[in-house]
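J.:
Chains as they are written, first to last, in my numbering: chain A, 206 to 346; chain B, 1351 to 1435.
1. What is the rounded straight-line gap between the Cα of residue 1352(B) and the Cα of residue 342(A)?
2. Under the rule that 16 or more other beta-carbon atoms within 10 Å means buried, what is residue 1373(B), buried or exposed?
3. Taking 8 Å as the CB-CB cut-off, is residue 1378(B) touching chain A?
4. Could you pull the start and end residues of the alpha helix (DSSP H) that residue 274(A) belongs to?
5. Give a yes or no on whether the minimum CB-CB distance between residue 1385(B) and chain A is below 8 Å.
6. Consult DSSP for residue 226(A) and reduce its assignment to one of helix, strand or coil.
7. Please report the straight-line C-alpha distance between residue 1394(B) and residue 225(A), rounded to a whole angstrom.
8. Less than 8 Å between the CB atoms is what I'm expecting for residue 227(A) and residue 287(A), so what's the real figure, rounded?
9. Would you tell me roughly how many angstroms separate the C-alpha atoms of residue 1391(B) and residue 230(A), rounded to the nearest one?
10. Would you say the beta carbon of residue 271(A) is closer than 7 Å to some non-hydrogen atom of the ligand ATP?
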């Protein structure tokens, strides 16, 4: 019992919780979800494959696919309760992808090869971080 | 067992996605590419903005990793207590 209290205090101080209610809110989080994980992994894979199309006419289609999947991931994460960190991550990722989509499919600007590979690389790196961390969410009881 | 759990929790706090991602290094190489003329000014600005967003993603990932581990440890304790009782 003494050890349990020590752990509880440690968790409370880590989370910045000052009351038991805060501690409960910290504990009560969205658990691992197969669909969320699958969508994050899909974004990662599409970013990886999209980078290979830089400099070709097919890149626009890859960008559209990536935009749709990232939007789906953000919307799915938002539909789950107590999922704040994942909503933050996917919202920021969507804004990064929005820049790519604007350039290729809306403004249709000239883009350099460096921009294309850098952009896809950054999206893949972030999607990898997101996939890894949501893959480690605690499982349902 | 609980002492190990506390150590594990502390180790997780030190596990930092921001450091692993090394966004500062990316910013330096982007600047070099811009100076070399490989990126236009608006491309460069957009990519630099992306790094700020990437930092926010890393920070949220770190927070989620710590929270997930803490919750998992509490789950394990509750399960263990149930077995004992």
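All residues carry an ideal CB built from backbone N, CA and C; glycine is no exception.
T.: For this structure:
1. Numbered from its first residue, the second chain carries residue 1352(B) at position 2. Numbered from its first residue, the first chain carries residue 342(A) at position 137. In this prediction, residue 1352(B) scores a pLDDT of 49, lower than 50, which makes its location untrustworthy; the coordinate-derived value is nonetheless stated afterwards. Approximately 21 Å between the Cα atoms of the pair.
2. In the second chain, the residue the question calls residue 1373(B) occupies position 23. It counts as buried.
3. By 1-based counting over the second chain, the position of residue 1378(B) is 28. Residue 1378(B) does not count as touching chain A.
4. Looking up residue 274(A) in the first chain gives position 69. Where residue 274(A) is concerned, the enclosing alpha helix (DSSP H) stretches over 264–284.
5. As a first step, residue 1385(B) must be located in the second chain, where it is residue number 35. So no, residue 1385(B) is outside the interface.
6. Sequence index remark: in the first chain, residue 226(A) carries index 21 (1-based). Here residue 226(A) sits in helix by DSSP.
7. Working through the second chain from its first residue, we reach residue 1394(B) at position 44. Working through the first chain from its first residue, we reach residue 225(A) at position 20. If you take the alpha carbons of residue 1394(B) and residue 225(A), they lie about 47 Å apart.
8. Taking the first chain and counting its residues from 1, the one referred to as residue 227(A) is at position 22. Taking the first chain and counting its residues from 1, the one referred to as residue 287(A) is at position 82. Not a contact, Cβ separation roughly 13 Å.
9. Within the second chain, the letter at position 41 stands for residue 1391(B). Within the first chain, the letter at position 25 stands for residue 230(A). Cα to Cα, residue 1391(B) sits roughly 45 Å from residue 230(A).
10. With respect to small molecules bound, the structure shown includes none, and the ligand ATP cannot be examined in it.
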